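Working notes, structure below.
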Amino acid sequence: MRIVVCVKEVLDPDAVNNYAVAGRLEIGDDGKTLTQTAIPRLMNGFDEQAIEAALRLRDAGADFTLAVVSAGESPEKLLKHAAALGADEVVAIQVDPGSLDYHLVAALISAQIEASGGADVVLCGRQASDDDQGVVPALIAERLDMSLVTIAKAVELEGTTLRITRVTPDGDERVETACPAVVTITNELGDPRYPTAAAKVKARRVKPTTVTPDDLKLDADDLAPRVSVTRQFVPEVQGNCEMLQGDSPAALADALIEKLRADSII
Amino acid sequence: MSQNAVIVCTWGEDQDGLPVGAEEVLHIGRGLAADLGTDLAWLVLGALPSAAPETAGRYGVANLLQVEDAKLESPQPDALVAALAAVAGERSPRALLFHQTQASRAVAPRVAGRLGDAVVMNGVSADLSGECIVVTASAYGGDTRVVYEVSGRCPVIAFIANAVVPEPGDGAAVAAEALSVDLTGVEERVKIVEPARFEGPRLDDAEIIVSGGRGLGSSDNYKLIEQLAAALGGLPGASRPLVDDGWVDSSQQVGLTGRITRPNLYVAIGISGASQHMAGCSAAKTLVAINRDAEAAIFQYAKYGIVGDALELLPELIRAAGAR
Ligand SMILES: Cc1cc2nc3c(=O)[nH]c(=O)nc-3n(C[C@H](O)[C@H](O)[C@H](O)COP(=O)(O)OP(=O)(O)OC[C@H]3O[C@@H](n4cnc5c(N)ncnc54)[C@H](O)[C@@H]3O)c2cc1C
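Residue numbers (this note's numbering), protein chains in the order written: chain R, 1 to 266; chain D, 1001 to 1324.
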């Protein structure tokens, strides 16, 4: 059995939030990219949890090869982390992120999966914390003709059947599907583990397999971008708050409830 | 129906006889179709919502299309994707529009994948630039907006339409037109073994929500949030850390990856106001923020604010809300 986890490098979303809150989030001269070079780059949190989901399958006794794939400019750092966690293969698909659209990412990853022995399970984060799109897993499922289960918080494998708990607006749902399948992981899965110090040292020597779009022999239609970013901007927030005053918690509480009653909100 | 229409795609029906978000997306679709000089159509998969014909008239829908099939009775993804791709193949629409829900989030990109067409999620608006449809979408949880140019025949676009204020007109009701699609070969590949058990009212529909965040300090204090929500006749919600730490059920998480709410009143207590949280509550008509940090981002979104300690204020708020 072979499990492939797809990971993406993103700007640390907490750092982006901090800049945004401070009103210092800025877009560069190209009109598209954030200028803050000080923001650390790290593995998308949901993708880290997708690796964790695979490791839990291994803990539960499943026997498989674990491959971790990333498409981007220089995913080496992420891939070393994946190797330290126990990935057997780490693959970097080297592309200029500026030219990437979601179809192309899905085409590259799908072609790489097919060229390297296929996959019984493809695990992805539910969405990337930068663009929040969350469409690549579905596009991979379509390309590879796999079933798709989204927003999973627990994944079990029994033979070639996946038993999955999904988080839905109406509470948890239990589903089953046969491999091959694409499964997207949500934060409710819980904290991902850290690699041991020894594994980290060992992973330093790991060299990811590097492939380029040329190696994957995509056709012109696959390579044609369908979506391109023309602009990014920081939306303005109104900021029109009436601060209530009072010399005790009781007075403040009364002031608020009175306001809400006067506005007929309650 | 003419080819090249902008098609709003829905399934299911809410209490008010319409699919959730249908009016908002019809509103967006009407504008886009007008810009493109083409018709607006509404494609219903499965049972026709009772208010669909009148609503279609009010938003200038030229064709109300319905695909009925046993496999769409309680629509599952494989049947939906197959039906949508078949209709798109037959009718060559100019765009397929969806209201973004957890279900459409899985279905819409698969349709785009099957058609080989562009897909954009988290849309907040759509315009025309020359021949090209341009979608403005939320990114970084709402910290930024990205403007995407979508090329190709039939882009698939999902909107987070809770901030849209739909403006119905007064057109006459539109009769539904049946479309037949062959779904005989479609088998759902994912089997539901244990359905989600819907318990009680949902945050998505709540008029009043009181949410607590990490500022509550400990899980025990969350009961004060529940008490205040009850005193105000609303529902309790939470920010993500409370879900991650197991204080509350994930169905109570408000935000980008939780519930997208639009209540009359949203009271945020001990919540900093990160964009990913605000994505689920900034459409509230009135937002009240209670935080001990006067600089907290949440105050930028609030109508009324109190700088103070949540644990001191909550008992007083419960008392004041209960007193008449
Ligand atoms: C991809 C992604 C998706 C996400 N999705 C969501 C989502 O759907 N929903 C969500 O909520 N978050 C989401 N987050 C997390 C989000 O970025 C924030 O980390 C989170 O919302 C912070 O929660 P908080 O405000 O409760 O905690 P904090 O940010 O820690 O804020 C706590 C606040 O409480 C105040 N406080 C402390 N003590 C007191 C006191 N005694 N009295 C009053 N105030 C006090 C502090 O001043 C502070 O403002 C997501 C993040 C990412 C990266």
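Glycine included, each C-beta is placed from N, C-alpha and C at the ideal position. Given the structure is predicted, the values throughout are model-derived calculations rather than measurements.
Check: Chain-ordered residues of the segment 101-127 of chain R with a beta carbon less than 9 Å from chain D; Outcome: Asp101, Tyr102, His103, Ala106, Arg126 and Gln127
Check: Near ligand 1: Leu1256/D beta-carbon under 8 Å from a heavy atom; Outcome: yes
Check: C-beta atoms of Asp101/R and Ala1118/D nearer than 9 Å; Outcome: yes
Check: Proximity test, Leu1338/D beta-carbon vs ligand 1 heavy atom, cut-off 8 Å; Outcome: Past the edges of chain D, shown from 1001 to 1324, lies residue 1338/D, and the structure says nothing about it.
Check: CB contact below 9 Å: Arg1214/D versus chain R; Outcome: no
Check: Whether Cys311/R touches Asp191/R by CB criterion (9 Å); Outcome: Because chain R spans 1 through 266 in this model, residue 311/R falls outside it and cannot be assessed.
Check: Beta-carbon neighbours of Ala1229/D, restricted to chain R and to distances below 8 Å; Outcome: Simply none; closest approach about 12 Å.
Check: Residues near Leu1311/D in its chain [Cβ-Cβ closer than 8 Å; skip 5 each side]; Outcome: Leu1216, Gly1217, Asn1221 and Leu1224
Check: Residue-chain proximity (Gln1015/D, chain R), Cβ-Cβ < 9 Å; Outcome: no
Check: heavy atom of ligand 2 below 8 Å from Phe46/R C-beta; Outcome: This structure lacks ligand 2; the ligands present are ligand 1.
Check: Any non-hydrogen atom of ligand 1 closer than 8 Å to Asp1204/D Cβ; Outcome: no
Check: Leu148/R vs Val1190/D beta-carbon contact at 9 Å; Outcome: yes
Check: Buried versus exposed call for Gly1322/D [16 or more other C-beta atoms within 10 Å across all chains shown]; Outcome: exposed
Check: Bridge-paired residues (DSSP) for Leu1265/D; Outcome: Ile1208/D and Thr1286/D
Check: Whole-angstrom distance between Leu1228/D and Gly1237/D, CA atom to CA atom; Outcome: 11 Å
Check: Outcome for Arg1030/D when other beta-carbon atoms lying within 10 angstroms are tallied against a minimum of 16; Outcome: buried
Check: Own chain residues within Cβ distance below 6 Å of Gly1021/D, not counting five before or after; Outcome: His1099 and Ala1161
Check: Distance cut-off 8 Å: Asn17/R Cβ against heavy atoms of ligand 1; Outcome: yes
Check: Under 7 Å (Cβ pairs) to chain D, residues found in the segment 137-160 of chain R; Outcome: Ala138, Leu139, Ala141, Glu142, Arg143, Ser147, Leu148, Val149, Thr150 and Ile151
Check: Rounded separation between Val229/R and Ala255/R - CA only; Outcome: 47 Å
Check: Cβ-heavy atom distance, Leu1242/D to ligand 1, below 8 Å; Outcome: yes
Check: Boundaries of the alpha helix (DSSP H) in which Phe1299/D is found, first to last residue; Outcome: Ile1298 to Tyr1301
Check: CA nearest to the CA of Thr1038/D, picked from Val1061/D, Glu1149/D, Ser1138/D and Pro1053/D; Outcome: Val1061/D
Check: Residue range of the unbroken alpha helix (DSSP H) whose run includes Phe46/R; Outcome: Gly45 to Asp59
Check: Span separating the alpha-carbon of Ser99/R from that of Tyr1148/D; Outcome: 13 Å
Check: Inter-residue Cα distance where the pair is Gly117/R and Leu66/R; Outcome: 12 Å
Check: Beta-carbon proximity of Val7/R to Val105/R, cut-off 9 Å; Outcome: no
Check: Ser1219/D Cβ short of 8 Å to ligand 1 heavy atom set; Outcome: no
Check: Under 8 Å from the C-beta of Gly1141/D: neighbouring residues of chain R; Outcome: Pro13, Asn17, Ser129 and Asp132
Check: Distance CB(Leu1287/D)-CB(Val1267/D) smaller than 9 Å; Outcome: yes
Check: Contacts that Phe1159/D makes with chain R (C-beta to C-beta distance below 8 Å); Outcome: Simply none; closest approach about 13 Å.
Check: CB contact check: Gly98/R to chain D, cutoff 9 Å; Outcome: no
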